[in-house]
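Residue numbers (the UniProt record's numbering): 1 to 389.
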């Protein structure tokens with residue numbers, strides 16, 4: 001259909017996951033709408049030139065609350081356990097929607113004015129209600145980070161040996177420790193508040209993308225101010241990456257090396273810091289692997305290449321790091337990430353995440369955001385592997 005395996009496979013995955021107006025991440029494991037998943041689905045649809053791209057982007061904002069808060073889930077059926085609302089979550093997720101809107105615009109796919117207005121209200125909510133005295137955005141639950149079980153959160157849970165059951169229990173206990181406003185949005189926690197490097201980078205990047213789309217100076221200033229705060233507060237000169245800032249709870253684990261610590265290369269104004277951080281993504285002894293960057297660097301005591309958020313490669317993070325490499329004209333890194341993203345999607349069978357050393361698929365399969373393989377440039381001279389069965 002499209003002349004190469006990654007695009008054909010991506011189209012098939014998205015079609016399999018498509019529902020009425022959006023893709024579920026996986027029809028069986030993840031039957032609801034997830035916020036940043038749908039943003040990546042929209043980007044993938046756009047790469048395929050499919051008019052469902054703006055439909056999906058609009059759908060992922062349909063659950064927005066009147067004051068601008070964008071929930072991280074819209075349920076397919078009434079549900080409980082993620083706050084006081086029964087039709088949607090009371091927590092949020094990384095605001096990739098502005099980048100998705102720009103990706104659509106660059107592909108010539110129209111983004112409706114009401115979608116842009118929702119994006120602006122969503123970002124404005126974060127700047128108005130989720131800003132620390134240091135000028136950083138904070139989250140009140142690991143779900144809001146996108147990287148739910150990151151080793152950076154180990155000091156909150158009180159253990160360094162990973163256990164899915166322990167994290168699941170902890171996650172749901174944290175809901176009871178969360179404070180919600182009158183509309184049902186999470187606003188604070190008695191146990192878990194942190195300003196993560198990655199979500200701040202994604203938010204600053206979103207503000208810059210919105211400024212580029214609308215020409216609004218306020219969003220350019222907000223992007224610059226947040227990028228400066230990330231550098232001022234979160235840069236670790238000993239590790240040459242950015243760390244998280246604990247506000248309620250936490251401890252030294254917030255500075256552990258993870259791929260999240262490289263994401264501010266998307267927005268830092270400092271070329272030397274960007275160079276030092278991105279160099280780690282090219283280091284085989286660090287994050288670089290044949291099937292995309294490890295979430296935890298090789299050789300670190302907590303590196304487990306097949307454990308959820310303990311080391312596997314993730315397609316959405318590969319893609320965002322690729323965007324950072326493009327920003328700094330790190331051509332060799334961008335080419336390597338693009339090749340790895342396409343190759344790994346095929347070898348893993350378009351899995352949720354995969355072993356970065358072997359490409360073996362992990363988690364749900366197929367997963368909609370693995371269709372990001374279609375968003376990378378295609379080189380017909382490169383022989384691609386077959387899709388895993």
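Ideal Cβ placement from N, Cα and C applies to all residues, glycine included.
Whose C-alpha, out of the options, is nearest the C-alpha of residue i?
i: residue 116; options: 215, 191, 188; result: 215
i: residue 351; options: 168, 335, 194, 13; result: 13
i: residue 56; options: 66, 64, 33; result: 33
i: residue 305; options: 42, 238, 363; result: 363
i: residue 191; options: 202, 203, 208, 170; result: 170
i: residue 372; options: 50, 240, 342; result: 342
i: residue 195; options: 148, 155, 245; result: 245
i: residue 91; options: 103, 284, 74, 340; result: 74
i: residue 339; options: 378, 154, 183, 206; result: 378
i: residue 324; options: 299, 261, 303; result: 261
i: residue 357; options: 273, 303, 209, 60; result: 303
i: residue 348; options: 328, 385, 279; result: 385
i: residue 284; options: 273, 275, 299; result: 299
i: residue 326; options: 376, 223, 114, 361; result: 376
i: residue 125; options: 105, 72, 68; result: 68
i: residue 156; options: 319, 241, 25, 255; result: 255
i: residue 130; options: 220, 321, 70, 209; result: 70
i: residue 39; options: 361, 183, 320, 274; result: 320
i: residue 374; options: 76, 19, 103; result: 103
i: residue 173; options: 183, 143, 182; result: 143
Suppose you measure from the CA of residue i to the CA of residue j; what does that come to, to the nearest Å?
i: residue 16; j: residue 27; result: 8 angstroms
i: residue 158; j: residue 188; result: 20 angstroms
i: residue 277; j: residue 332; result: 15 angstroms
i: residue 2; j: residue 161; result: The pLDDT assigned to residue 2 is 41, lower than 50, so where the model puts this residue is not dependable, and the model offers no usable value.
i: residue 78; j: residue 44; result: 28 angstroms
i: residue 346; j: residue 101; result: 26 angstroms
i: residue 288; j: residue 281; result: 5 angstroms
i: residue 6; j: residue 314; result: 16 angstroms
i: residue 176; j: residue 81; result: 9 angstroms
i: residue 94; j: residue 147; result: 10 angstroms
i: residue 193; j: residue 11; result: 39 angstroms
i: residue 63; j: residue 86; result: 12 angstroms
i: residue 58; j: residue 266; result: 25 angstroms
i: residue 127; j: residue 41; result: 25 angstroms
i: residue 137; j: residue 228; result: 13 angstroms
i: residue 218; j: residue 211; result: 8 angstroms
i: residue 180; j: residue 83; result: 8 angstroms
i: residue 48; j: residue 120; result: 26 angstroms
i: residue 286; j: residue 366; result: 28 angstroms
i: residue 46; j: residue 31; result: 22 angstroms
i: residue 359; j: residue 133; result: 42 angstroms
i: residue 98; j: residue 111; result: 11 angstroms
i: residue 23; j: residue 330; result: 32 angstroms
i: residue 107; j: residue 250; result: 42 angstroms
i: residue 149; j: residue 239; result: 21 angstroms
i: residue 61; j: residue 310; result: 30 angstroms
i: residue 166; j: residue 29; result: 20 angstroms
i: residue 328; j: residue 270; result: 10 angstroms
i: residue 220; j: residue 322; result: 22 angstroms
i: residue 241; j: residue 209; result: 23 angstroms
i: residue 88; j: residue 337; result: 34 angstroms
i: residue 344; j: residue 19; result: 26 angstroms
i: residue 232; j: residue 21; result: 41 angstroms
Assuming contact is defined by CB atoms lying nearer than 8 angstroms, are residue i and residue j in contact in what I supplied?
i: residue 197; j: residue 230; result: yes
i: residue 201; j: residue 301; result: no
i: residue 293; j: residue 317; result: yes
i: residue 141; j: residue 168; result: no
i: residue 51; j: residue 109; result: yes
i: residue 152; j: residue 308; result: no
i: residue 139; j: residue 199; result: yes
i: residue 235; j: residue 275; result: no
If residue i sits next to residue j, beta carbons under 8 angstroms apart, how far is it from one beta carbon to the other, in whole angstroms?
i: residue 258; j: residue 295; result: 6 angstroms
i: residue 65; j: residue 185; result: 6 angstroms
i: residue 291; j: residue 369; result: With 8 angstroms as the limit, residue 291 and residue 369 do not qualify as a contact, their Cβ atoms being about 15 angstroms apart.
i: residue 335; j: residue 253; result: Not a contact, Cβ separation roughly 34 angstroms.
i: residue 396; j: residue 105; result: Only positions 1 to 389 of the chain appear in the structure, and residue 396 is not among them; the question remains open.
With residue i as the anchor, note down where its alpha helix (DSSP H) starts and where it stops.
i: residue 178; result: First-last for residue 178: 178-180, but that is the beta strand (DSSP E), not the alpha helix (DSSP H).
i: residue 269; result: Where residue 269 is concerned, there is no enclosing alpha helix (DSSP H), given that its DSSP letter is neither H nor E.
i: residue 54; result: 52-59
i: residue 43; result: 35-47
i: residue 119; result: 113-129
i: residue 331; result: 331-348
i: residue 321; result: 315-327
i: residue 225; result: 217-229
i: residue 155; result: 154-157
i: residue 376; result: Residue 376 -> no alpha helix (DSSP H), and no H or E assigned at all.
i: residue 8; result: 5-17
Residue i lies in the beta strand (DSSP E); which residues open and close that run?
i: residue 188; result: 186-189
i: residue 199; result: Careful: residue 199 lies outside any beta strand (DSSP E), inside the alpha helix (DSSP H) at 197-214.
i: residue 245; result: 245-248
What I want to know is whether the C-beta of residue i ends up closer than 7 angstroms to one or more non-hydrogen atoms of the ligand ATP.
i: residue 284; result: Among the components modelled here there is no ligand, and therefore nothing to report on the ligand ATP.
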